[in-house]
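In the working numbering, the protein residues as written are 67 to 417.
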């Protein structure tokens, strides 16, 4: 088995992100190198667990761990407090203690939920991220943001809880549905526009680059941001490019529009809003790359509809909203403005 690419994050906890092609059977050894034999509670979903559950379980048990698993329905609709409570119930029944571990096997939904459960169970136990989607690999598995959705909005209940290890087998990405893989590229595009013009140039055309190298670069960018602003009080806000508008689109669609597709549309809206605000017009630059990846650029909701959801956005502060607006390729700014001004700008661009 080839030597993994190792990226180390120094935050409130120091941990490694291991990237290895064809290495999912090595998760047990990787865990053994860091943890004593203990119980590991796996959270996964009904699409991922049939594919990789046995490989991961066998590897962990061979390394001396005792494994219990809990499987939820695939999809954003499962990212609820009730499902976190059910997973915690499985851990209680298995007598998981503070010296044991949680392992997230799946995409962003599973990772967010497992991390949140680990953050609140017994006031916090360690957890391992094993992302199986591109979106989770480059974004949600790194940085310690965990959350669930409630009826009022997306990710409104959560905690900061850094993983103890992130273990990525890039071969798992080959089994993704094309739409799910494309979702991840919305986050890749985001990294290029907010902080890395060279990356933006590399990924401008789909299929013309080494995906593993791009994943490693995105993770490194996320690592650098998290190390400077772990608790999202400053520059980490740049990682929300496209997300304020995207989360509104997701919620208004009843989550029938996926996260990546919504963020792609949100980035285009942010570029238009930036131009309306008086910044350089990056609309075509953003739109072109988003379009080239096959994303739908249309927004089926009105400014007023979007505004009502944005008012519940966790990035709101009193009567203000901080938007991430592109100023050039590879550079975005955080612009705080009255929430009512956001509504005016959305109307100005024709939403």
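Glycine residues also receive a C-beta, built at the ideal position from the N, C-alpha and C atoms.
Here the structure is a predicted model, which means the values were calculated and not measured.
(request) Excluding the 5 residues preceding and the 5 following residue 101 in the sequence, name in chain order all residues of the same chain whose CB lies nearer than 7 angstroms to its CB. (result) To locate residue 101, count along the chain shown from 1; it is residue 35. Closer than 7 angstroms at Cβ, skipping near neighbours: 167.
(request) Return helix, strand or coil for residue 140, following the three-state DSSP convention. (result) Working through the chain shown from its first residue, we reach residue 140 at position 74. Of the three classes helix, strand and coil, the one that applies to residue 140 here is coil, per DSSP.
(message) Within 10 Å of its beta-carbon, does residue 418 have 16 or more other beta-carbons around it, so buried, or fewer, so exposed?
(response) Beyond the ends of the chain as shown, which are 67 and 417, falls residue 418; an answer cannot be given.
(request) Just grab the DSSP bridge partners of residue 403 for me. (result) Here the question's residue 403 lines up with position 337 in the chain shown. Looking at the DSSP output, residue 403 bridges to 387.
(request) Let me know the secondary structure DSSP gives residue 395 once reduced to three states. (result) Numbered from 1 along the chain shown, position 329 holds the residue referred to as residue 395. In the structure shown, residue 395 sits in coil (DSSP, three-state: anything other than H, G, I, E or B).
(message) Suppose you measure from the CA of residue 417 to the CA of residue 236; what does that come to, to the nearest Å?
(response) One-based indexing of the chain shown puts residue 417 at position 351. One-based indexing of the chain shown puts residue 236 at position 170. The C-alpha of residue 417 lies about 39 angstroms from the C-alpha of residue 236.
(request) Inspect the beta-carbon positions of residue 201 and residue 173 and report whether they are closer than 8 angstroms. (result) Here residue 201 is taken as the residue at index 135 of the chain shown, counted from 1. Here residue 173 is taken as the residue at index 107 of the chain shown, counted from 1. For residue 201 and residue 173, yes; Cβs fall inside 8 angstroms.
(message) Whole angstroms are fine: how far does the CA of residue 297 sit from the CA of residue 409?
(response) Sequence index remark: in the chain shown, residue 409 carries index 343 (1-based). Sequence index remark: in the chain shown, residue 297 carries index 231 (1-based). When rounded, the distance between both Cα atoms is 28 angstroms.
(request) Tell me whether residue 142 is buried or exposed, calling it buried when 16 or more other Cβ atoms sit within 10 Å of its Cβ. (result) Here residue 142 is taken as the residue at index 76 of the chain shown, counted from 1. The residue is buried, with at least 16 neighbouring Cβ atoms inside 10 Å.
(request) Could you say which of 169, 196 and 197 lies nearest to residue 185 if we only look at CA atoms? (result) Residue 185 sits at position 119 when you count from the first residue of the chain shown. If we check each option's Cα against that of residue 185, 169 comes out closest.
(message) Does residue 120 come out as helix, strand or coil in the three-state DSSP assignment?
(response) As a working mapping, residue 120 is identified with position 54 in the chain shown. Helix at residue 120.
(message) Can you tell me whether residue 197 is helix, strand or coil according to DSSP?
(response) On the chain shown, position 131 is the one that residue 197 refers to. Correct three-state label for residue 197: strand.
(request) Would you check if the distance between the CB atom of residue 405 and the CB atom of residue 377 is smaller than 8 angstroms? (result) Within the chain shown, numbered from 1, the residue matching residue 405 stands at position 339. Within the chain shown, numbered from 1, the residue matching residue 377 stands at position 311. In this structure, residue 405 sits near residue 377, with a CB-CB distance shorter than 8 angstroms.
(request) Alpha carbon to alpha carbon, how far is residue 98 from residue 161? Give it in angstroms, no decimals. (result) Sequence index remark: in the chain shown, residue 161 carries index 95 (1-based). Sequence index remark: in the chain shown, residue 98 carries index 32 (1-based). Roughly 21 angstroms between the two C-alpha positions.
(message) On the DSSP bridge list, what partners appear for residue 167?
(response) Translated into positions along the chain shown, residue 167 becomes position 101. Per DSSP, 106.
(message) How far does the beta strand (DSSP E) with residue 216 in it extend, from its first residue to its last?
(response) As a position in the chain shown, residue 216 is number 150, starting the count at 1. 211-216 is the extent of the beta strand (DSSP E) around residue 216.
(request) State buried or exposed for residue 75, treating a residue as buried only when at least 16 other CB atoms are found within 10 Å of its CB. (result) Within the chain shown, residue 75 is the residue found at index 9, counting from 1. Buried.
(message) For a test of the three-state rule: what should DSSP assign to residue 71, helix, strand or coil?
(response) In the chain shown, counting from the first residue as 1, residue 71 sits at position 5. Correct three-state label for residue 71: strand.
(request) Can you tell me which of 252, 391 and 117 puts its alpha carbon nearest to the alpha carbon of residue 270? (result) In the chain shown, counting from the first residue as 1, residue 270 sits at position 204. Comparing Cα-Cα distances from residue 270 to each of 252, 391 and 117, the minimum goes to 252.
(message) Can you tell me whether residue 384 is buried or exposed? The criterion is at least 16 other CB atoms within 10 Å of its CB, across all chains shown.
(response) In the chain shown, the residue the question calls residue 384 occupies position 318. Residue 384 is exposed by the Cβ-count criterion.
(request) For residue 317, collect the residues of the same chain with a Cβ closer than 7 angstroms to its Cβ; drop the 5 residues on either side in sequence, then sort them by chain order. (result) On the chain shown, position 251 is the one that residue 317 refers to. Only 219, 220 and 375 meet the Cβ criterion.
(request) Taking only the alpha-carbon atoms, compute the straight-line gap between residue 261 and residue 281 and give it to the nearest angstrom. (result) Residue numbering aside, residue 261 sits at position 195 when the chain shown is read from its first letter. Residue numbering aside, residue 281 sits at position 215 when the chain shown is read from its first letter. Inter-residue distance for residue 261 and residue 281 is about 15 angstroms (C-alpha atoms, whole angstroms).
(request) Could you tell me how far apart the beta carbons of residue 135 and residue 123 are, in whole angstroms, since I believe they sit closer than 8 angstroms? (result) Locating residue 135 in the chain shown gives position 69, where the first residue counts as 1. Locating residue 123 in the chain shown gives position 57, where the first residue counts as 1. 7 angstroms between Cβ atoms; contact.
(request) Indicate the three-state DSSP secondary structure (helix, strand or coil) for residue 188 in the structure shown. (result) Position 122 of the chain shown, counted from the start, is the residue given in the question as residue 188. The answer is helix: DSSP assigns residue 188 an H, G or I state.
(request) For the alpha helix (DSSP H) holding residue 331, just list the boundary residues, first then last. (result) Along the chain shown, read from residue 1 onward, the residue named residue 331 stands at position 265. Where residue 331 is concerned, the enclosing alpha helix (DSSP H) stretches over 325-343.
(message) Can you look up residue 355 in the DSSP assignment and give me helix, strand or coil?
(response) Indexing the chain shown from 1 puts residue 355 at position 289. Of the three classes helix, strand and coil, the one that applies to residue 355 here is helix, per DSSP.
(request) Out of 195, 348 and 245, state which residue places its alpha-carbon closest to the alpha-carbon of residue 231. (result) Taking the first residue of the chain shown as 1, we reach residue 231 at position 165. Of the candidates 195, 348 and 245, the one whose C-alpha sits nearest the C-alpha of residue 231 is 195.
(message) Suppose you measure from the CA of residue 130 to the CA of residue 90; what does that come to, to the nearest Å?
(response) Your numbering for residue 130 matches position 64 in the chain shown. Your numbering for residue 90 matches position 24 in the chain shown. Distance between the alpha carbons of residue 130 and residue 90 is about 16 angstroms.
(request) Look at the Cβ atom of residue 330, then the Cβ atom of residue 356, and state whether they are nearer than 8 angstroms. (result) Position 264 of the chain shown holds residue 330. Position 290 of the chain shown holds residue 356. Yes, these two residues count as a Cβ contact at 8 angstroms.
(message) Could you compute how far the alpha carbon of residue 386 sits from the alpha carbon of residue 402?
(response) Residue 386 sits at position 320 when you count from the first residue of the chain shown. Residue 402 sits at position 336 when you count from the first residue of the chain shown. So the alpha carbons of these two residues sit roughly 6 angstroms apart.
(request) For residue 300, count neighbouring C-beta atoms within 10 Å of its own C-beta (all shown protein chains included) and say buried if the count is 16 or more, exposed if not. (result) Translated into the one-based positions of the chain shown, residue 300 becomes position 234. It counts as exposed.
(message) For residue 346 and residue 303, I'd like the C-alpha separation in whole angstroms.
(response) For the purposes of this step, residue 346 is taken as the residue at position 280 of the chain shown. For the purposes of this step, residue 303 is taken as the residue at position 237 of the chain shown. Straight-line Cα distance between these residues: approximately 20 angstroms.
(message) Whole angstroms are fine: how far does the CA of residue 189 sit from the CA of residue 359?
(response) Stepping through the chain shown from its first residue, residue 359 is reached at position 293. Stepping through the chain shown from its first residue, residue 189 is reached at position 123. Straight-line Cα distance between these residues: approximately 42 angstroms.
(request) Please name the residue in 113, 397 and 340 whose C-alpha comes closest to that of residue 414. (result) For the purposes of this step, residue 414 is taken as the residue at position 348 of the chain shown. The option with the nearest alpha carbon to residue 414 is 340.
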